Amino acid sequence: MSDIDARLAELGLTLPAAAAPVAAYVPVVVAGGIAHVSGQLPFVEGQLVTGRLGEDVSLEAGTEAAQACAVMILAQLKAALGSLDRVERIVKLGVFINSAGTFTDQPKVANGASELMVAVFGEAGKHARSAVGVPVLPLGAAVEVDAIVAVRPA
């Protein structure tokens, strides 16, 4: 068992199968020692979390959705890299939150993804981030998260 797999087990997390793309793109592109992970949607207990923060999705549910997106980012990275131990650093997360015009807690929602990366990778999980409110996301998702990750050679 790798170090990161052991940490995931300690956290009680099991990575799902990496989700297949829903359109004309690939989930991960590795170039020049950087992995670019396409936006991942939140699946909790096999169901897509849909809705809008500030309307029909609570802050707590939105934070959980962001964490679910981060778990799928890890699944995509593991599928692309073979091992999460190749992750050198989480460089940046882009967090998009389907939110009402009056909702202003996007950073709190994004913490669901950010805190998971730090829990899994420690200091190497600390990253730059954007947390952006948007009027709609693909498939009506509540949250979408993409990532830029520095990786070690195989």
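Mapping of the sequence shown onto this note's numbering: position 11 corresponds to residue 71, and the numbering continues sequentially without gaps. Beta carbons are placed, not taken as given, at the ideal position from N, Cα and C, and that holds for glycine. Since the model is a prediction, treat every value here as computed from it, not as a measurement.
Beta-carbon proximity of residue i to residue j, cut-off 9 Å
{"i": "A170", "j": "A191", "result": "yes"}
{"i": "L73", "j": "V180", "result": "yes"}
{"i": "H96", "j": "D206", "result": "yes"}
{"i": "G182", "j": "I157", "result": "no"}
{"i": "G161", "j": "T123", "result": "no"}
{"i": "I64", "j": "V151", "result": "no"}
Per-residue DSSP class, three states only, for residue i
{"i": "G154", "result": "strand"}
{"i": "G92", "result": "coil"}
{"i": "T123", "result": "helix"}
{"i": "A173", "result": "helix"}
{"i": "F103", "result": "strand"}
{"i": "A191", "result": "strand"}
{"i": "L141", "result": "helix"}
Residue i burial status per 10 Å Cβ neighbour count (16 or more: buried)
{"i": "R212", "result": "exposed"}
{"i": "S62", "result": "exposed"}
Continuous beta strand (DSSP E) stretch holding residue i: start and end
{"i": "A210", "result": "203-211"}
For residue j and residue i, believed in contact at Cβ under 8 Å, the rounded distance
{"i": "A202", "j": "V117", "result": "5 Å"}
Residue interval of the alpha helix (DSSP H) (run including residue i)
{"i": "R67", "result": "63-70"}
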